[in-house]
Structure formats: C-alpha cells, structure tokens
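J.:
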C-alpha cells in the first residue's frame, strides 16, 4: 500500500452534494484513473437522466391515495436506521416512520403503507411513473434533481454528510483526512452524488484513486469486508449504521472500523421527494413533516397527545391538532385531526429520530439535526 495514503482531502471540502443515495447499474470494474472515474460517473449518474412524468388523475395524488386506501411509499431496499425490511413485509427506520406518519395523516392508519423498495438508479423513474406516491429514500436534495427529473423536494428530515470508512489496521484513525486516501482502492455505489463527490474531489487535487462502483451499497460493504477495497464511502449515517451492525453481530470489535473525516466532505440534506405540479400533495407531505417538528418544539408526544388535544398549550398547537374552528387541515383535504393522528400513531420528530438513530450513535445535540432553538437546522414555518 505504498501510495495508498497521500494527498486528497483539503479539496474534497470544496465538493458539495454527496451521497444520501444509492446505486445504479452494477459496474464492478475498477476505474483506475481520476479521468476514467469521472467519465464513468458522468455516464452512470442517474441523477440527471430526464424522466417522463406520469399523468395523475384530476384528483391528484391525494385523491388517488384516499381512493386506494393505502400509501405507496418508495424506500431503500436496506438502509440501517432509515429503512430496514422486516419479515412481515414492513420496514422500520426513520424514512419508514415518515411513510407511516403520512399514512396516518391522510388515511388515519399508520399501517396503511405499501412499501416499495427501490435502488438509487431506479427511484426517480419509479416516482415519475406513478408507481409510488412519495419517495422517502435517504435522497439528497441537489440542484439537478430539483430541476431536471420531474420531481420536487420536501423539508429536510435529516442533515447528513459524506464520510469514508477504513480499517484501523491500515493506519486510519479519527484524525485521518481525505489527504490520507490517495492511491487507495475505494468502493461505493454508482449513480449517486457520493460517486461524483469523490471523483470530482480527486480530480481537483490531481490524486489517483482506484474507484470500484457497484449497484447497491451492501455490495460495496461486502467488498470492503473481503479486503477487495481499502475504503468505502457514502453518507455518514449509512457508514455508522453498517459499523453498528457489525459490532452488534460480533463481526468486529469497537474501534476496528474508522469513520473519517470528523467534518463530512459534503452537505447531504435528506428528505421526501414527490412529483412536480401537484401542489396539494406537496402541501400534505410538507406539513406532515412540519407538524412533527412543531410538535417536538412544543413537547407534544405520542405519550401525551390525548392530554394536549384536550387542553392545547397554545393556539398554534390547537390549530395543528385540529381543535377549534380555525384549524387548517380540512382546507388541505385532510381530516381535522390528521396531524394529531400522525403524532399519536408515530410520534414527533424527536421520537422518530431517537427511536431510529440514537442506537447508531447519532445524538441530536450539537448537530445540524438539533432544534433551531438549540443551534440546529430543524425548523418549521408557523402553523397559522
């Protein structure tokens, strides 16, 4: 590993818009130069491929969901802490819980969800084709995705950032930087902002990395386990999830796999995506997310929701919970208690975060995902 550790980081901080994503057509052949890697990324990148929007019924997506009696929610096929498939066909995780919250708000039943597992390569086409109603799939909000593929983004539910994972035996530590990966063989999944970030960053500094791209990130992890790759890179949340699982399963001991650098090399705002030109449905998705954030701010939880409905702490809470004549949910085409149902059946923002991400080592305090009153970026417009 003579050169497997030399010059790359200071520049990748210049790259912004990374992972929170997934995969494309399998490409397990290594890209041996920065130029080749960049070309491969440009060809395989599904994030800028034009797609054809489906023509929804005149009622729009809200009417279609209500008529069907279930929400078709696109999620990752496997993302620890975000969307993990269960034996009964359901999913658990932060993204899965937001699917459940929307179902509770629209249909009154958090379990009325048809989960559709999607790869990173196919997710946008699946959404545009009308096979799903909304995409909650650790998907990064970028300019190209927002303007070129027929979809719009809702509020950010988790602020993430791209990081790298290597083995302590190779000399990596918490103090390692991107400059320490020059010459390394690095695995990730194709067609993602992750791939573009690492190739662009390498090109900026003239570093040579051997990039191996595969369809799904679990494949990249398997290559990493086998030693076929020195490093893997994707959103920090995914890396923490895989490391946590490996420790829990007894595969590795604490400290064997190192995640670095401390400050992520990109901005990865993750949140829902829905089809363009359906403002009613966009309002439903957006305000379901906002309602859970406001509930967190006001201390309204799944445990005290009945008390809060009976005696709202302030007028805004009353409107949000559907109490009184000035509630706004019915004007959106929802039941007055839509958001109360979402909180009752799923929980507020903090409950969803703590239940799914705390076990992986993610604390809200001091992070971008803290409440805005505590220095974070989690903020909602007023419910009035």
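Numbering (the numbering used here), first residue to last: 158 to 541. Positions of the beta carbon are idealized from the N, C-alpha and C atoms, including for glycine. Predicted, not measured: the structure shown is a model, and the values here were computed from it.
1) For residue 519, which option in 395, 375, 304, 385 has the closest C-alpha, if you only look at C-alpha atoms?
2) Whole angstroms are fine: how far does the CA of residue 279 sit from the CA of residue 255?
3) Starting from the C-beta of residue 480, find all residues in its chain whose C-beta is less than 7 Å away, skip the five residues before and the five after it, and write them out in chain order.
4) Which residues in the same chain have their Cβ closer than 7 Å to the Cβ of residue 499, if we skip the five residues on either side of it in sequence?
5) So, with DSSP's three-state summary, where would you put residue 528?
6) Look up residue 235 in the DSSP assignment and give the residues it is bridged to.
7) Looking at the structure shown, is residue 309 part of a helix, part of a strand, or coil, going by DSSP?
8) Inspect the CB distances between the region 449-463 and the region 350-364 and report whether three or more fall short of 8 Å.
9) Rounded to whole angstroms, what is the Cα-Cα separation between residue 320 and residue 508?
10) Per DSSP, what are the beta-bridge partners of residue 414 in this structure?
11) Compare the Cα-Cα distances from residue 429 to each of 289, 264, 246, 224 and report the closest residue.
12) Quick check on DSSP: helix, strand or coil for residue 474?
13) To the nearest angstrom, how far is it from the Cα of residue 487 to the Cα of residue 493?
14) State buried or exposed for residue 214, treating a residue as buried only when at least 16 other CB atoms are found within 10 Å of its CB.
15) Label residue 383 either buried or exposed according to how many other C-beta atoms from any shown protein chain fall within 10 Å of its C-beta, with 16 as the threshold for buried.
16) Once you ignore the five residues that flank residue 412 on each side, which residues in its own chain have a CB closer than 7 Å to its CB?
17) Quick one: give me the first and last residue of the beta strand (DSSP E) that residue 482 is part of.
18) Can you tell which of 309, 462, 341 has its C-alpha closest to the C-alpha of residue 497?
19) Using 8 Å for Cβ pairs, my map puts residue 510 next to residue 501. What's the rounded Cβ distance?
20) For residue 490, collect the residues of the same chain with a Cβ closer than 7 Å to its Cβ; drop the 5 residues on either side in sequence, then sort them by chain order.
21) By the three-class DSSP mapping on this structure, what secondary structure does residue 463 have?
22) What would DSSP say about residue 230, mapped onto helix, strand or coil?
23) Please confirm whether residue 427 and residue 268 have their CB atoms less than 8 Å apart.
24) Closest to residue 475 by C-alpha separation, out of 337, 539, 528, 512, would be which residue?
25) Spell out the partners DSSP gives residue 430 in its beta bridges.
26) From the DSSP output, which residues share a beta bridge with residue 240?
27) Could you give the DSSP three-state label for residue 270: helix, strand or coil?
28) How is the beta strand (DSSP E) around residue 315 delimited, first residue to last?
29) Please confirm whether residue 306 and residue 327 have their CB atoms less than 8 Å apart.
30) Do residue 439 and residue 348 have their beta-carbon atoms positioned less than 8 Å apart in this structure?
31) Should residue 534 go down as buried or exposed, given a rule of 16 or more other Cβ atoms within 10 Å for buried?
32) Go ahead and label residue 224 buried or exposed: buried means 16 or more other beta carbons lie within 10 angstroms of its beta carbon, across all protein chains shown.
33) Quickly, what does DSSP pair residue 535 with across the bridge? List them, please.
34) What does the Cβ neighbour count give for residue 532, buried or exposed, with the cut at 16 atoms within 10 Å?
T.: Here's the rundown:
1) Answer by Cα proximity: 395.
2) Rounded to the nearest whole angstrom, the CA to CA distance from residue 255 to residue 279 is 21 Å.
3) Taken in chain order, the residues that qualify are 466, 469.
4) Leaving aside the five residues that flank residue 499 on each side, the residues in its chain whose CB is nearer than 7 Å to its CB run, in chain order, 258, 261, 262, 445, 448, 449.
5) Residue state, collapsed to three classes: strand.
6) The partner list for residue 235 (beta bridge, DSSP) is empty, contrary to what the question assumes.
7) It is a strand residue.
8) No: fewer than three Cβ pairs fall under 8 Å.
9) Spanning the two alpha carbons is a distance of roughly 26 Å.
10) 324, per the DSSP bridge assignment.
11) For the residues 289, 264, 246, 224, the minimum Cα distance to residue 429 belongs to 289.
12) It is helical.
13) Whole-angstrom Cα-Cα distance: 5 Å.
14) Confidence is the limiting factor: at residue 214 the pLDDT is only 41, short of 50, which leaves the residue's position unreliable, though a coordinate-based value still follows. Burial call: exposed.
15) Per the 10 Å Cβ criterion, exposed.
16) Result list for residue 412: 325, in chain order.
17) Following the DSSP letters along the chain, one finds residue 482 in no beta strand (DSSP E), marked with neither H nor E.
18) A check of alpha carbon separations from residue 497 across 309, 462, 341 identifies 462 as the nearest.
19) Wrong, their Cβ atoms sit about 18 Å apart, outside the cutoff.
20) Correct list, in chain order: 219, 437.
21) Residue 463: helix per DSSP, three-state reduction.
22) Residue state, collapsed to three classes: strand.
23) No, these two residues do not count as a Cβ contact at 8 Å.
24) The shortest C-alpha separation from residue 475 is found at 539.
25) Paired residue(s): 292, 310.
26) Residue 240 is bridged to 236.
27) Residue 270 sits in a strand when the DSSP states are folded into three classes.
28) Where residue 315 is concerned, the enclosing beta strand (DSSP E) starts and stops at 315-317.
29) No, Cβ-Cβ distance for residue 306 and residue 327 is not below 8 Å.
30) Result no, Cβ atoms of residue 348 and residue 439 do not sit closer than 8 Å.
31) Label assigned to residue 534: exposed.
32) By the 10 Å Cβ count, residue 224 comes out exposed.
33) Answer by DSSP bridge pairing, in chain order: 528.
34) Looking at its Cβ environment, which holds fewer than 16 other Cβ atoms inside 10 Å, residue 532 is exposed.
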